[in-house]
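Since the structure comes first, as structure tokens, the remarks are kept for the end.
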Amino acid sequence: MKKINLRQASVPIMFIIICAICIPLSGLSPKMLVNEIVTRMGRNAFLILSLLIPIMAGMGLNFGMTLGAMAAEIALILVCDWQIVSVPGMILAAIISVPISVLLGIFCGKILNRAKGREMITSYIMAFFVNGIYQLIVLYLMGSVIPIKHSTIKLPRGYGIRNTVSLLSMRQKLDNMLAVTIGGVKIPVLTFIIIAVMCLVIVWFRRTKLGQDMRAVGQDMEVARDAGINVERTRIISIVISTVLAGLGMIIYLQNMGNIATYTAHSQIGMFCIAALLVGGASVDKASIGNVFLGVVLFHTMFIVAPRAGAYITGDSMIGEYFRVFVSYAVITVALIMYETNKRRAKSAASQRLQEEQDAESPAGGENS
Amino acid sequence: MKNKRQFLFRALAIILILALAAVMFVIGRGHTVYFDNKDAEYDGKEYEAFYKVVVIKDKEKVAKLESDDRGMTDLMGQTLTVTVEITDEKGGESHAHKVSMPVPYSMDGIVINVPALMAGLPAEAYMSEFVPIAAEEEDEDEEVVIDEFEISDDV
Numbered sequence: 001m002k003k004i005n006l007r008q009a010s011v012p013i014m015f016i017i018i019c020a021i022c023i024p025l026s027g028l029s030p031k032m033l034v035n036e037i038v039t040r041m042g043r044n045a046f047l048i049l050s051l052l053i054p055i056m057a058g059m060g061l062n063f064g065m066t067l068g069a070m071a072a073e074i075a076l077i078l079v080c081d082w083q084i085v086s087v088p089g090m091i092l093a094a095i096i097s098v099p100i101s102v103l104l105g106i107f108c109g110k111i112l113n114r115a116k117g118r119e120m121i122t123s124y125i126m127a128f129f130v131n132g133i134y135q136l137i138v139l140y141l142m143g144s145v146i147p148i149k150h151s152t153i154k155l156p157r158g159y160g161i162r163n164t165v166s167l168l169s170m171r172q173k174l175d176n177m178l179a180v181t182i183g184g185v186k187i188p189v190l191t192f193i194i195i196a197v198m199c200l201v202i203v204w205f206r207r208t209k210l211g212q213d214m215r216a217v218g219q220d221m222e223v224a225r226d227a228g229i230n231v232e233r234t235r236i237i238s239i240v241i242s243t244v245l246a247g248l249g250m251i252i253y254l255q256n257m258g259n260i261a262t263y264t265a266h267s268q269i270g271m272f273c274i275a276a277l278l279v280g281g282a283s284v285d286k287a288s289i290g291n292v293f294l295g296v297v298l299f300h301t302m303f304i305v306a307p308r309a310g311a312y313i314t315g316d317s318m319i320g321e322y323f324r325v326f327v328s329y330a331v332i333t334v335a336l337i338m339y340e341t342n343k344r345r346a347k348s349a350a351s352q353r354l355q356e357e358q359d360a361e362s363p364a365g366g367e368n369s
Numbered sequence: 001m002k003n004k005r006q007f008l009f010r011a012l013a014i015i016l017i018l019a020l021a022a023v024m025f026v027i028g029r030g031h032t033v034y035f036d037n038k039d040a041e042y043d044g045k046e047y048e049a050f051y052k053v054v055v056i057k058d059k060e061k062v063a064k065l066e067s068d069d070r071g072m073t074d075l076m077g078q079t080l081t082v083t084v085e086i087t088d089e090k091g092g093e094s095h096a097h098k099v100s101m102p103v104p105y106s107m108d109g110i111v112i113n114v115p116a117l118m119a120g121l122p123a124e125a126y127m128s129e130f131v132p133i134a135a136e137e138e139d140e141d142e143e144v145v146i147d148e149f150e151i152s153d154d155v
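The listed protein sequences correspond, in order, to chains Y and G. Counting from 1, position 202 in the first sequence corresponds to residue 202 in the numbering used here; the numbering is continuous, with no gaps. Counting from 1, position 56 in the second sequence corresponds to residue 56 in the numbering used here; the numbering is continuous, with no gaps.
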């Protein structure tokens with residue numbers, strides 16, 4: 001039987017306790033709570049799955065997934081303007097977003113190869129940089145250089161995109177297709193099928209030659225290089241796959257929401273997805289599909305109940321709102337500190353072992369001198 | 001040989017994706033269709049509005065129109081198929097007609113005059129583009145929020 005690492009399980013256990021306290025205080029009925037969790041699982045799981053492959057390749061938590069989210073938003077804005085609706089609109093948006101995501105992924109991967117060992121902070125800052133380019137495109141080029149026809153999307157000044165773009169024509173079209181209601185809980189079957197297929201693809205991918213290479217690179221880059229693996233290329237591929245999946249995940253996310261917050265939708269998505277994965281018990285160097293689902297359930301349960309519990313305890317729902325944002329950032333901080341501590345501990349243990357080996361080998365030499 | 005095969009597979013994949021995108025462009029094109037139960041005139045002949053018209057699309061009643069009324073529905077794709085139930089006079093029996101027609105790709109909004117359509121007139125007589133009345137120019141430009149963490153002057 002697999003032994004549970006208490007240290008690693010501490011974050012999920014903490015969240016289980018928080019949820020156990022907050023759920024009764026929130027006053028939400030079990031049906032409503034389950035409904036919300038199922039909806040959020042369909043909305044977020046694909047996005048979080050996109051984080052697994054870079055972790056496998058030893059590149060840590062890919063804050064650069066935001067790049068894929070931006071590619072998806074650009075694609076959705078164009079599709080909206082062309083009036084391609086419902087599921088065909090989503091498929092077309094996916095087709096448009098993939099090449100943009102690939103280009104951004106290659107760019108991101110190349111830069112991360114120059115910042116080995118500092119991938120997370122680099123990808124985080126890179127997301128800000130690409131956000132600037134995204135704003136340039138959406139705020140100035142769309143409508144002036146890139147044709148945008150509809151005034152409902154365009155800013156009144158004649159160029160640039162409005163703060164919110166309505167996706168009413170595709171809202172929950174994927175979720176409602178094949179949806180079943182069991183005991184008052186709506187289950188978006190097709191969305192779950194897509195997520196399940198993605199999970200199977202990840203399981204299959206781990207067993208492929210490329211997947212094995214990524215694991216080897218993740219364990220030790222130098223050993224992998226000596227074994228003939230093109231480390232740089234493998235790392236770039238892992239980031240490209242992650243960015244493309246994040247783009248597709250963002251389309252699923254936004255079709256569920258029913259609108260795009262043009263300038264802010266992507267900015268928080270990376271943070272919340274990473275927080276959810278960490279809450280599920282993942283770490284910077286190890287994550288599984290199980291962590292994704294446990295994370296979605298626990299993190300989003302906290303998200304749903306915290307404001308209401310906060311309102312009950314303090315009379316102000318904003319306290320709960322602050323609490324959930326605070327917890328999101330705190331869990332990432334704790335995970336990063338734990339990762340760094342473990343890394344240093346392992347490093348000092350290794351150097352201590354080396355020292356002991358050297359001492360054991362040279363007592364005679366030491367005495368002679 | 002291997003390279004050639006790889007190139008062929010990649011080219012084929014790209015062509016397939018482009019073809020899929022083209023199909024999505026056609027089958028996913030959304031239109032808003034407006035049904036007018038209003039008097040029409042064509043070639044100097046007048047066609048009077050019906051007493052009552054009910055438009056059914058995909059087994060769902062999408063518009064119930066009395067004389068001079070307008071109703072609307074959303075359409076995805078390039079063919080509009082509806083059942084029109086017409087009542088000619090008060091207390092009279094209604095008669096249903098199934099109508100199917102191609103809609104122009106370029107039009108976002110399409111107005112269909114039901115009396116002209118039922119009279120079997122050509123498409124230009126019963127179909128026209130819906131042109132929204134230009135709203136009064138917005139005085140203020142929408143303020144764009146690009147940074148949630150923007151540091152304001154108060155800090």
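Cβ atoms here follow ideal geometry from the backbone N, Cα and C, with glycine treated the same way.
Hey, residue i and residue j: beta-carbon distance below 8 angstroms or not?
{"i": "residue 87 of chain Y", "j": "residue 168 of chain Y", "result": "no"}
{"i": "residue 287 of chain Y", "j": "residue 55 of chain Y", "result": "yes"}
{"i": "residue 63 of chain Y", "j": "residue 279 of chain Y", "result": "no"}
{"i": "residue 298 of chain Y", "j": "residue 19 of chain Y", "result": "yes"}
{"i": "residue 98 of chain Y", "j": "residue 28 of chain G", "result": "no"}
{"i": "residue 160 of chain Y", "j": "residue 144 of chain G", "result": "yes"}
{"i": "residue 32 of chain G", "j": "residue 58 of chain G", "result": "no"}
{"i": "residue 259 of chain Y", "j": "residue 164 of chain Y", "result": "yes"}
{"i": "residue 36 of chain G", "j": "residue 47 of chain G", "result": "no"}
{"i": "residue 69 of chain Y", "j": "residue 246 of chain Y", "result": "yes"}
{"i": "residue 24 of chain G", "j": "residue 92 of chain Y", "result": "yes"}
{"i": "residue 47 of chain Y", "j": "residue 199 of chain Y", "result": "no"}
{"i": "residue 26 of chain Y", "j": "residue 309 of chain Y", "result": "yes"}
{"i": "residue 51 of chain G", "j": "residue 116 of chain G", "result": "no"}
{"i": "residue 84 of chain G", "j": "residue 118 of chain G", "result": "yes"}
{"i": "residue 250 of chain Y", "j": "residue 361 of chain Y", "result": "no"}
{"i": "residue 34 of chain G", "j": "residue 92 of chain G", "result": "no"}
Determine the closest residue to residue i out of the options, with distance taken between C-alpha atoms.
{"i": "residue 171 of chain Y", "options": "Y:253, Y:99 and Y:217", "result": "Y:253"}
{"i": "residue 32 of chain Y", "options": "Y:165, Y:187, Y:275 and Y:239", "result": "Y:187"}
{"i": "residue 133 of chain G", "options": "Y:151, Y:344 and Y:272", "result": "Y:151"}
{"i": "residue 257 of chain Y", "options": "Y:13, Y:43, Y:306 and Y:21", "result": "Y:43"}
{"i": "residue 114 of chain G", "options": "G:53, G:3, G:4 and G:13", "result": "G:53"}
{"i": "residue 122 of chain Y", "options": "Y:72, Y:166 and Y:65", "result": "Y:65"}
{"i": "residue 162 of chain Y", "options": "Y:137, Y:177, Y:183 and Y:181", "result": "Y:137"}
{"i": "residue 62 of chain G", "options": "G:80, G:119 and G:123", "result": "G:80"}
{"i": "residue 213 of chain Y", "options": "Y:230, Y:203 and Y:322", "result": "Y:230"}
{"i": "residue 17 of chain Y", "options": "Y:45, Y:146, Y:306 and Y:262", "result": "Y:306"}
{"i": "residue 112 of chain G", "options": "G:105, G:96 and G:130", "result": "G:130"}
{"i": "residue 22 of chain G", "options": "Y:95, Y:339 and Y:49", "result": "Y:95"}
{"i": "residue 11 of chain Y", "options": "Y:139, Y:59, Y:283 and Y:107", "result": "Y:283"}
{"i": "residue 89 of chain Y", "options": "G:76, G:95 and G:96", "result": "G:76"}
Excluding the 5 residues flanking residue i on each side, which residues of the same chain have their C-beta closer than 8 angstroms to its C-beta?
{"i": "residue 303 of chain Y", "result": "40 and 324"}
{"i": "residue 176 of chain Y", "result": "188"}
Take residue i and list the residues in its own chain whose beta-carbon comes closer than 6 angstroms to its own, dropping the five residues that flank it on each side.
{"i": "residue 334 of chain Y", "result": "none"}
{"i": "residue 36 of chain Y", "result": "304"}
{"i": "residue 129 of chain Y", "result": "none"}
{"i": "residue 154 of chain Y", "result": "143 and 148"}
{"i": "residue 372 of chain Y", "result": "Nothing about residue 372 of chain Y can be reported from this structure: the residues present for chain Y run from 1 to 369 only."}
{"i": "residue 101 of chain G", "result": "80"}
{"i": "residue 184 of chain Y", "result": "31"}
{"i": "residue 125 of chain G", "result": "42 and 116"}
{"i": "residue 154 of chain G", "result": "Per-residue confidence for residue 154 of chain G stands at a pLDDT of 47, beneath the threshold of 50, marking its modelled position as unreliable; no derived number is given."}
Might you give, ordered along the chain, the residues of its own chain that have their beta carbon closer than 7 angstroms to the beta carbon of residue i, omitting 5 neighbours on each side?
{"i": "residue 205 of chain Y", "result": "211"}
{"i": "residue 179 of chain Y", "result": "186, 187, 188 and 189"}
{"i": "residue 244 of chain Y", "result": "68, 98, 101, 102 and 105"}
{"i": "residue 82 of chain G", "result": "55, 56, 57 and 99"}
{"i": "residue 120 of chain Y", "result": "60, 61 and 63"}
In chain B, what lies closer than 7 angstroms to residue i by C-beta?
{"i": "residue 21 of chain G", "result": "Protein chains in the displayed structure are Y and G, and chain B is not among them."}
Report back the beta-carbon spacing between residue i and residue j to the nearest angstrom; my notes put them in contact at under 8 angstroms.
{"i": "residue 239 of chain Y", "j": "residue 109 of chain Y", "result": "4 angstroms"}
{"i": "residue 71 of chain Y", "j": "residue 101 of chain Y", "result": "4 angstroms"}
{"i": "residue 88 of chain G", "j": "residue 156 of chain Y", "result": "Rounded, the Cβ-Cβ distance is 47 angstroms, inconsistent with contact."}
{"i": "residue 293 of chain Y", "j": "residue 45 of chain Y", "result": "7 angstroms"}
{"i": "residue 29 of chain Y", "j": "residue 242 of chain Y", "result": "Incorrect: roughly 38 angstroms between the Cβ atoms, too far for contact."}
According to a CB-to-CB cut-off of less than 9 angstroms, which residues of the stretch 92-125 of chain G neighbour chain Y? 108
Quick one: which residues of the stretch 212-237 of chain Y get their C-beta closer than 8 angstroms to a C-beta of chain G? List them in chain order. none
Taking a Cβ distance cut-off of 7 angstroms, strictly less, list which residues of the stretch 46-60 of chain G are near chain Y, in chain order. none
Using a beta-carbon distance cut-off of less than 8 angstroms, what residues from the stretch 74-86 of chain Y approach chain G? 82, 83, 84, 85 and 86
Counting only Cβ-Cβ distances shorter than 8 angstroms, please list the residues of the stretch 127-138 of chain Y near chain G, keeping chain order. 135
At a CB distance below 9 angstroms, what residues from the stretch 154-185 of chain Y approach chain G? Give them in sequence order. Flagged, chain order: 155, 156, 157, 160, 161, 162, 163 and 169.
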